[in-house]
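Residue numbers (this note's numbering): 162 to 750.
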């Protein structure tokens, strides 16, 4: 009986274990995880573009909906969850004021609130499912500027008025030598049996021409091109001759417009305009400069004014700017290897390749190499995701957040280890071809004795001497994003005083010219300094014994060598341009 009871108990135990394994809760690891949005990053480029980086796990391709009435943009990730910590983020850029993330049933919705202008989608980088998406936006105003510039560049001027008789191909023979242009024009009018009125704007030039059995329209074309003149009809039987400005005045089509000059020197524009467009003296006299309002008042025909507007657009270009980030660091020569390793950390994250006459430069980020080599493979052979393979240029904010983060971390770590110290970390923006001066100095006063005549009282005046890092840089932008920088660095500091209180200053200077690409860092070093100090020591008690204490005293000579290095990264900033402003003032009939 006892054996039967134990056997039954054993069977029941097996059944319980089996049932537990069948009805046990499923392993969380076996659950299907939904795509998730983990974090995002907002970056602005210039004053009209912004891009947002989205990081997560297996995110689908987002849907983007722009709401002009609410001035926001919604980015929807279907069937995903929100794991971002900053779901209500106040943006520190000027284009976007706020970014909010909310869960709408099964979808994650990112709401971008614009600050002052509606946003348009410029580009979406990445194809779902992906762990990373980049969405680039452009302001509505910038899009309108691009469209206006495109229309301006495609503008076609109306054809010159046709003179039926001057378009004939009937052959003519003309043989003149050193004859006034006005007489040649009269000769052509006689050939066509038309009246002729010659404006005073017709150049006072002498013509030498020998043409035999040449089509009439060809002979007329030679004169128009050689002397920049034109012809038009007044009525049915009279031809007007002169330059285009004179013809516009004669026909009552002369217009006066005011053009606003925003960037160029308004007083130099007329001379440059005259040289580029080969303006006559009469046309040049019809350009008036208003220095107070920075405006040009130009009187000419509508067609001629359109030509001038195209040239003015090029002359009044805002140009480019260069932003220079710098770090000036002083370290002890005993730690040269540590500093070299620190700088190599920076350079190891940059690569450059040359081939077939072209060059590529890229930066190593957490996501891989940018840009990539042929067919999406990096120089190291690593195949990158599609969104990286399609991105030929490393974004500016990513370079700043990546490279400068490594720089600051390395320099701050060196300070904690007493390897060196950061003297300055300036940043400055300057125009292409303009000097930028960074002066981080301090003044120290000292007294200077003045010579007196006949008096016994000594007079003193206070003067100041400056010391500190001074950096002077002049960037010049060349082709293909290459920047030539004339650089001068001075690192000075106070190291003591003379017996009469005069400050002693050490000064180290270096001047160089470098040529780097946009966003490429470079290091300037070799500013060494050697300081010799003497300290006195003694053996306690014994060193204080009169006379004999000299035997127990000693001198220590301490030599301290330091070096200053400067790391600079230049960035090219494009300034958005708009169509030159022109207002019509007068229309003369």
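Even glycine gets a Cβ: it sits at the ideal position worked out from N, Cα and C.
Subject >> DSSP-derived helix/strand/coil call for residue 643 >> reply: Here residue 643 sits in strand by DSSP.
Original post:
Hey, quick one: how far does the alpha helix (DSSP H) through residue 259 stretch, first residue to last?
Top reply: Premise fails: residue 259 lies in the beta strand (DSSP E), 257-265, not in any alpha helix (DSSP H).
Original post:
Hey, would you say residue 408 sits closer than 8 Å to residue 329, going by beta carbons?
Top reply: The answer is no: Cβ separation not under 8 Å.
**OP:** Look up residue 365 in the DSSP assignment and say whether it is helix, strand or coil.
**Re:** DSSP places residue 365 in the coil class of the three-state scheme, outside both helix and strand.
Original post:
If you compare alpha carbons, which of 400, 641, 584, 591 is closest to residue 631?
Top reply: Selected option, being the one with the closest Cα: 584.
Original post:
If you draw a straight line from the alpha carbon of residue 349 to that of residue 436, how long is it in whole angstroms?
Top reply: Those two C-alpha atoms are separated by around 31 Å.
Original post:
By the 10 Å Cβ neighbour count, where 16 or more other Cβ atoms means buried, how is residue 465 classified, buried or exposed?
Top reply: Counting the other CB atoms within 10 Å of its CB gives residue 465 a total of 16 or more, which places it among the buried residues.
Subject >> Three-state class that DSSP yields for residue 480 in the structure shown >> reply: The answer is coil: DSSP assigns residue 480 none of H, G, I, E or B.
Original post:
Between residue 709 and residue 702, what straight-line distance do the alpha-carbon atoms span, to the nearest angstrom?
Top reply: Answer to the nearest angstrom: the Cα atoms are 11 Å apart.
Original post:
Is the beta carbon of residue 455 sitting closer than 8 Å to the one on residue 422?
Top reply: If you check the CB distance, residue 455 and residue 422 come in under 8 Å.
**OP:** Tell me whether the beta-carbon of residue 743 lies closer than 8 Å to the beta-carbon of residue 470.
**Re:** In this structure, residue 470 lies closer than 8 Å to residue 743 by Cβ.
Subject >> Span separating the alpha-carbon of residue 476 from that of residue 424 >> reply: The straight-line gap from Cα to Cα measures roughly 9 Å.
**OP:** Please check the pair residue 212 and residue 298, which I expect to be a contact at CB under 8 Å, by giving their CB distance rounded to whole angstroms.
**Re:** Correct: roughly 7 Å between the Cβ atoms.
Original post:
Taking the alpha-carbon positions, what's the residue 281 to residue 255 distance?
Top reply: In a straight line, the C-alpha of residue 281 is about 16 Å away from that of residue 255.
Original post:
Whose C-beta lies closer than 7 Å to the C-beta of residue 321 among residues of the same chain, with five residues either side of it excluded?
Top reply: Its pLDDT being 47, under 50, residue 321 is placed unreliably in this model, and the coordinates cannot settle the point.
**OP:** Would you check if the stretch 367-374 and the stretch 402-418 touch, i.e. whether three or more CB-CB distances between them fall below 8 Å?
**Re:** Contact between the stretch 402-418 and the stretch 367-374 is absent, because fewer than three Cβ pairs lie under 8 Å.
Original post:
When we look at the beta-carbon of residue 486 and count the other beta-carbons within 10 Å, is it buried (16 or more) or exposed?
Top reply: Around the CB of residue 486, 16 or more other CB atoms lie within 10 Å, so the residue is classed as buried.
**OP:** Between the Cα of residue 224 and those of 217, 214, 235, spot the shortest distance and give me the residue it belongs to.
**Re:** Selection 217, 214, 235 evaluated against residue 224 yields 235 as nearest (Cα-Cα).
Original post:
Which term fits residue 449, buried or exposed, when burial requires 16 or more other beta carbons within 10 angstroms of its beta carbon?
Top reply: In the assembly as shown, residue 449 is an exposed residue. Its beta-carbon has fewer than 16 other beta-carbons within 10 Å.
Original post:
residue 217 lies in the alpha helix (DSSP H); which residues open and close that run?
Top reply: Per DSSP, residue 217 belongs to no alpha helix (DSSP H); it is in the beta strand (DSSP E), 210-220.
Original post:
What's the gap between the Cα of residue 525 and the Cα of residue 602?
Top reply: Note that residue 525 scores 46 on pLDDT, short of 50, meaning its location in the model is unreliable; the coordinates nonetheless yield the value given after this. Computed Cα separation, rounded: 36 Å.
Original post:
If we count the other Cβ atoms within 10 Å of its Cβ and call it buried at 16 or more, is residue 644 buried or exposed?
Top reply: Residue 644 should be labelled buried.
Subject >> For residue 385, the first and last residue of its enclosing alpha helix (DSSP H) >> reply: Here the alpha helix (DSSP H) through residue 385 covers 377-388.
Original post:
Is it true that the CB of residue 380 sits closer than 8 Å to the CB of residue 416?
Top reply: If you check the CB distance, residue 416 and residue 380 do not come in under 8 Å.
Original post:
What residue from 210, 684, 361 has the CA that sits closest to residue 673's CA?
Top reply: Of 210, 684, 361, the residue nearest in Cα terms is 684.
Subject >> Test item: CB-CB of residue 247 and residue 198 under 8 Å >> reply: The answer is no: Cβ separation not under 8 Å.
Original post:
So, helix, strand or coil for residue 663, using DSSP?
Top reply: Coil.
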